[in-house]
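Notes follow the structure.
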Amino acid sequence: MKMKVEFKLNGANVSVFAEPNRRLIDLLREEFELTGTKEGCGVGECGACTVLMNGRAVNSCLVLAVQAAGNEITTIEGIANGDLINPLQKNFLEFGAVQCGFCTPGMVLSASALLDKNPDPTEDEIKEAVAGNLCRCTGYKQIIEAVKETARLSRKN
Amino acid sequence: MIPSLNVIFPKNLNEALSLLSDNSDSSKIIAGGTDIIPGLNQELNRFKEIKNLIDVNQIPELKGIIRSKEKISIGAAETFSDILQNDTVRELFPLLWKAASGVGSVQIRNRATIAGNFVNNAPCADSVPALLIYNATLEIESLSSKKEISLNEFLSAPYRTKLNRDEIVTKINIPFADKNFTGEFFKLGRRRAVAISRITLALLVDWRDSVINEIRIASGAVTPIGARFFELEKYCSGKKADDQFKKDLSRKLAEQIIKVTGLRWSSEYKLPVVQQVCYQMLKNIESQHEYGI
Ligand SMILES: Cc1cc2nc3c(=O)[nH]c(=O)nc-3n(C[C@H](O)[C@H](O)[C@H](O)COP(=O)(O)OP(=O)(O)OC[C@H]3O[C@@H](n4cnc5c(N)ncnc54)[C@H](O)[C@@H]3O)c2cc1C
Ligand code: FES
Ligand code: FES
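In order, the protein sequence lines correspond to chains A and B.
The opening position of the first sequence corresponds to residue 1 in my numbering, with each subsequent residue numbered one higher.
The opening position of the second sequence corresponds to residue 1 in my numbering, with each subsequent residue numbered one higher.
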């Protein structure tokens with residue numbers, strides 16, 4: 001039987017009915033058409049489905065939609081300011097950290113959760129933060145550089 | 001596809017225990033869901049009968065990490081990320097801290113709970129050797145009973161424990177040791193993050209004037225379930241801790257592991273690795289002792 005699920009999604013209060021066996025990733029993509037959240041492996045290993053739950057990165061393929069109730073969920077669509085991309089996204093583009101782009105939403109959200117907690121991360125901390133996000137294209141170097149540069153710029157401002 | 005089921009969100013322990021006792025055959029606790037959700041999705045036999053999932057994430061009795069005079073009590077539904085932020089765990093139970101830091105990825109650690117890890121009791125559950133080596137005990141409640149048993153006694157076989165279907169693990173208690181332990185936790189996986197452990201070993205040594213006062217040894221992944229090696233530990237106490245001793249102990253540990261596993265196809269590559277890893281860990285522990293780290 002469907003259950004009512006009320007939560008905060010990208011800053012707005014939302015209320016939907018969801019089957020208890022539906023995963024959060026499916027609710028986000030199908031019900032809210034937030035297709036920036038990608039499904040790679042479906043078993044918690046690739047991080048393409050990463051979203052923020054109360055500011056912490058989680059795999060939305062491993063969360064039930066009904067478990068979002070009462071929590072705050074942020075997807076990649078919610079970290080940009082309308083059509084204006086945020087500095088982290090901009091640096092991903094500038095540093096060539098986006099190639100096929102499939103891993104990018106998850107990667108950006110993992111990095112964003114890190115920078116919120118730790119504005120001056122070491123390279124090892126950056127690697128640890130994105131270790132659950134697989135990228136088959138870039139070799140990670142550009143991604144790490146983009147995160148470093150974002151941290152550097154935000155400290156300067 | 002996850003089969004159709006109900007999910008219930010009790011607000012306190014009593015409510016959760018009543019729900020479990022009413023329908024214990026068809027109900028199961030869900031905490032972080034990192035074992036259950038992929039398991040349901042893949043329609044694993046272990047999760048076949050489930051009609052009701054009881055979500056324990058909003059139960060205050062299962063949360064919090066409290067330090068008292070003689071022990072630390074970790075709420076069963078604390079996530080590995082929460083545990084990593086606790087200073088007492090980091091300072092006084094460094095092997096548990098290290099084990100927690102190696103679980104999955106940030107995303108997994110943000111959801112995965114400590115009780116979910118050892119209740120699932122996969123051979124590769126990383127918290128198990130770390131908790132065994134610190135003599136952790138579990139508080140377990142049902143509607144009509146309350147008990148405390150050691151983790152060692154609780155674990156019975158791969159993916160099996162002594163938990164009854166109407167029971168919930170509420171707390172993990174870890175006593176402060178009255179020894180001067182130095183230790184190491186080692187995990188070998190197939191790749192850096194999101195690695196299913198292939199070999200885990202934990203060692204604690206109290207070393208006095210190069211004589212072994214007490215040693216504790218626990219394994220995971222190489223043995224069918226995480227295990228302590230009590231006989232071997234006893235054999236070591238009072239021994240002079242020279243290089244020969246380190247080699248002897250490493251060989252004996254590998255032999256013991258063959259004994260408990262029965263030879264498996266993977267033993268051939270694992271055993272020399274275990275021997276080498278154990279030796280290296282003992283050396284590292286010794287140098288930490290010497291330099292007073
Ligand atoms: C991609 C990926 C990587 C992983 N990597 C690792 C790793 O490196 N190391 C490792 O050890 N594990 C790893 N895991 C396994 C998993 O994350 C852990 O076992 C986790 O700790 C399980 O906790 P949970 O809260 O998610 O459990 P759940 O899936 O919610 O539950 C697991 C079991 O425990 C029971 N349970 C939970 N809480 C209680 C309670 N309080 N009382 C009674 N029963 C309870 C449930 O009924 C269920 O049977 C990985 C998993 C994934 C998906
Ligand atoms: S799709 Fe969720 S982690 Fe791969
Ligand atoms: S850019 Fe293609 S997977 Fe990362």
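Idealized CB from N, CA, C, for every residue including glycine.
*Check each residue's C-beta against every heavy atom of ligand 2 and list, in chain order, those closer than 6 Å.*
A:Glu-39, A:Gly-40, A:Cys-41, A:Gly-42, A:Gly-44, A:Glu-45, A:Cys-46, A:Gly-47, A:Ala-48, A:Cys-49, A:Asn-59, A:Cys-61
*At which residues does the beta strand (DSSP E) containing Glu-72 of chain A begin and terminate?*
72 to 74
*Could you list which residues in chain B have their beta carbon closer than 9 Å to that of Gln-67 of chain A, in chain order?*
Val-7, Phe-9, Ile-30, Gly-33, Asp-55, Asn-57
*Take Gly-11 of chain A and list the residues in its own chain whose beta-carbon comes closer than 7 Å to its own, dropping the five residues that flank it on each side.*
Gly-78
*Contact check, Met-281 of chain B vs Glu-214 of chain B, beta carbons under 8 Å*: no
*Closest Cβ-Cβ distance between Asn-21 of chain A and chain B: below 8 Å?*
yes
_Does the beta-carbon of Thr-104 of chain A, which I'm using as the reference point, lie nearer than 7 Å to any heavy atom of ligand 1?_
no
_Considering just the uninterrupted stretch of the alpha helix (DSSP H) at Ala-100 of chain B, what are its terminal residues?_
94 to 101
*Whose C-alpha, out of B:Ser-73, B:Pro-60, B:Leu-96, B:Lys-71, is nearest the C-alpha of Phe-80 of chain B?*
B:Leu-96
*Contacts of Ser-110 of chain A in chain B (Cβ-Cβ under 9 Å)*: Ser-105, Val-106, Gln-107
*Using the beta-carbon count (16 or more within 10 Å), is Glu-78 of chain B buried or exposed?*
buried
*Enclosing beta strand (DSSP E) for Pro-54 of chain B [first to last residue]*: It is worth fixing the name first, because residue 54 of chain B is Ile in this sequence and not Pro. Element bounds for Ile-54 of chain B: 52 to 55.
*Along the segment 39 to 52 of chain A, what residues have a CB closer than 8 Å to any CB found in chain B?*
Gly-42, Val-43, Gly-44, Glu-45, Gly-47, Thr-50
*How is Gly-292 of chain B classed by DSSP in three states: helix, strand or coil?*
Below a pLDDT of 50, predicted positions are generally treated as unreliable, and Gly-292 of chain B, at 48, falls in that range; no measurement from the model is reported.
*Would you give the residue range spanned by the alpha helix (DSSP H) that Met-107 of chain A belongs to?*
104 to 117
*If we call anything under 8 Å between Cβ atoms a contact, is Cys-49 of chain A one with Ile-25 of chain A?*
yes
*Is Gly-36 of chain A close to chain B, meaning its C-beta is less than 8 Å from at least one C-beta of that chain?*
no
_Within 10 Å of its beta-carbon, does Asp-126 of chain B have 16 or more other beta-carbons around it, so buried, or fewer, so exposed?_
buried
*asked:* So, at 6 Å on beta carbons, what are the nonlocal neighbours of Gln-276 of chain B in its own chain, with the 5 sequence-adjacent residues on each side left out?
replied: none
*Return the bridge partner residues of Ala-157 of chain B from the DSSP annotation.*
B:Arg-160
*By Cβ distance, which residues of its chain are closer than 8 Å to Ser-237 of chain B, with the 5 residues on each side in sequence left out?*
Ile-212, Asn-213, Glu-214, Ile-215
*How about Leu-52 of chain A and Leu-109 of chain A: do their beta carbons lie closer than 8 Å?*
yes
*Tell me, please, which residues DSSP counts as bridged to Glu-141 of chain B.*
B:Lys-146, B:Ile-168
*asked:* Taking the straight line between their C-alpha atoms, what separation do you get for Asn-12 of chain B and Asn-57 of chain B?
replied: 10 Å
_Cβ-based neighbour list, Ile-293 of chain B, same chain, cut-off 6 Å, excluding 5 preceding and 5 following_ = Only weak support exists for where Ile-293 of chain B lies, its pLDDT of 42 falling under 50; the value from the coordinates is given anyway. Once the five neighbours on either side are set aside, Ile-293 of chain B has no close Cβ partner at all.
*What residue does the beta strand (DSSP E) around Ser-300 of chain B start on, and which one ends it?*
Residue 300 of chain B is absent from the model: chain B starts at 1 and stops at 293.
*Looking at the C-beta of Thr-138 of chain A, does it have a partner C-beta in chain B at a distance below 8 Å?*
no
_Range covered by the alpha helix (DSSP H) that runs through Gly-116 of chain B_ = 114 to 120
_At a cut-off of 7 Å, would you count Thr-137 of chain B as near ligand 3, judging by its Cβ distance to the nearest heavy atom?_
no
*So, helix, strand or coil for Lys-63 of chain B, using DSSP?*
coil
_For ligand 3, is there any heavy atom lying closer than 7 Å to the beta carbon of Gln-99 of chain A?_
yes
*Should Thr-107 of chain A be labelled buried (16 or more other beta-carbon atoms within 10 Å of its own) or exposed?*
Here residue 107 of chain A is Met; the residue named in the question, Thr, does not match the sequence. Its Cβ being crowded by 16 or more others within 10 Å, Met-107 of chain A is buried.
*Could you tell me which chain B residues have their CB closer than 7 Å to the CB of Gly-78 of chain A, listed as they occur along the chain?*
Chain B residues near Gly-78 of chain A: none, gap ~17 Å exceeds 7 Å.
*Leaving out the 5 sequence neighbours to the left and right, which residues in its chain are closer than 7 Å to Asn-152 of chain B when beta-carbon positions are compared?*
Leu-132, Arg-228
*Pick helix, strand or coil for Lys-4 of chain A, following the three-state DSSP scheme.*
strand
*Under 8 Å between C-beta atoms, does Pro-175 of chain B make it to chain D?*
Note that chain D does not occur in the displayed structure, where the protein chains are A and B.
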